[in-house]
Structures are given as structure tokens and as C-alpha cells.
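Visitor: Quick note: to get the numbering used here, add 5 to the position in the sequence shown (first position is 1). So that we are looking at the same thing, I have put the structure below in C-alpha cells.
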Amino acid sequence: MTFGSNVKKIAKGLFKGCTNLEEVDIPQKVTYIMDGAFQGCSKLKHIYLHETLKSIGNYAFWGTAISSINLPNSLETIGQNIMASCNSLVSITIPDKIKEIPAYAFSDCKNLSTVVIGYNVNLISRYAFRNTQLRKIYSKIMDPSKCKIELGWDYPAFSTDIFANAILYVPKGS
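In C-alpha cells, the structure reads:
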């Protein structure tokens, strides 16, 4: 799928449920991908995003077959359930401008094993990484006291086995 060069946002639910969509190149002028834009596109494996993108809405890539995605450094916000139930996803890097990893963002990504957390993240919300296989967590956060992680028994940010199976990497001197 390719778009015209004047497209500035991908509308809410535009391709929701398009089960034959496999690859998308988002135009450089796009700054917003709205809620559910590619939700349930079960064969979508590749999406190319550019450094002009500012925001990705709730459920934007929920249930796709994306295994790797380059979230651009220009990205400032991501929505709840942005990539939940993406069983092919194995790693994700949260750009440095992101301040919050919202609820359920990467939950139920059964093969997600590595995450890099940008240095401005100050909140990792409930169930953000629930039911994943995280084994490596790279944090760029220099002052961990400035990042709140929801750890309540009824809505933890991470699956409970993470504390026994994952390695947390932090910057030297943090």
C-alpha cells in the first residue's frame, strides 16, 4: 500500500480489518496515525514510518503480524494497545521523546523478548507488557526515581515472571 504525497494523517479505522494488507509505506508528510488505523490487519508484516510522525493512536497496529518496527525519534505519543496482540513482534525501541508507555501498549505480544525504553519515559502503565516473553530490558533512564511503574497485583505493568527471567540493563552511573 502506498499513499499520495499530500496525506498528513491516517484516519481512524481506515484499514481496520483489512486482512490482505501486507506492507505499508507511510508518506513523509504524515504526522498522525489515528486510533485503530491498521487494527486487525492480520497479514500486515511491514510498515515504514518516517521522522515526521508525532503520534500513533490507540489500537493502531493491534493484532498485526509486524515482527519489527522502527518507531521514529520524532514520535511523542503512543496510544493504549498500540501493538497489543502482535504475536510476531520480538523487539521494540521506545523513542526518547515518549513520556508514557500507556496501558496494554504491548500486552499479549507472545514473542516480545527485548525492549529499549527511551530516556524520557516517566510512566509505564498497567499491563503495558503483560503476557510477553521479555528477557532483556534496556533502560536509558538516568534517574529511575523519575519513572513510575505500575506494579499493583491487580494491574502490573509487566508479567510477574519477568522478575525471575529478565535482565534489566541501566546506564552506567544511574
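Think of the CB as a built atom: it goes at the ideal place given N, C-alpha and C, for glycine as much as any other residue. Please read all numbers here as calculations on a predicted model, not as lab measurements.
1. Between the C-alpha atoms of Leu156 and Glu105, what's the straight-line distance to the nearest angstrom?
2. Thinking just about the alpha-carbon of each residue, which of Phe43, Asn127, Thr69 is nearest to the one in Gly62?
3. Work out the CA separation of Trp67 and Cys23 for me, nearest whole Å.
4. Helix or strand or just coil, what does DSSP make of Ser79?
5. Can the beta-carbon of Ile146 be found less than 8 Å from the beta-carbon of Val126?
6. Under 8 Å by Cβ, that's how I've got Gly84 and Asp113 pegged, so tell me the actual separation to the nearest angstrom.
7. Is it right to say Pro176 is buried, meaning 16 or more other beta carbons lie within 10 angstroms of its own, or is it exposed?
8. Spatial neighbours of Phe8 within its chain, please: C-beta separation below 6 Å, excluding the five flanking residues on both sides.
9. Using the Cβ count rule (16 or more neighbours within 10 Å means buried), how would you classify Pro149?
10. Apart from the five residues on each side of it in sequence, which residues of its chain come closer than 6 Å, Cβ to Cβ, to Asp101?
11. Looking at Ser96: is its Cβ nearer than 8 Å to the Cβ of Ile71?
12. Can you list, in chain order, the residues of its chain with a C-beta nearer than 7 Å to that of Ala108? Leave out the 5 residues immediately preceding and following it.
Guide: By the coordinates alone:
1. 15 Å
2. Phe43
3. 12 Å
4. coil
5. yes
6. Not quite, the Cβ-Cβ distance comes to about 16 Å (not below 8 Å), so this is no contact.
7. exposed
8. Pro32
9. exposed
10. Gly123, Tyr124, Asn125
11. no
12. Gln85, Ser130, Arg131, Tyr132, Ala133
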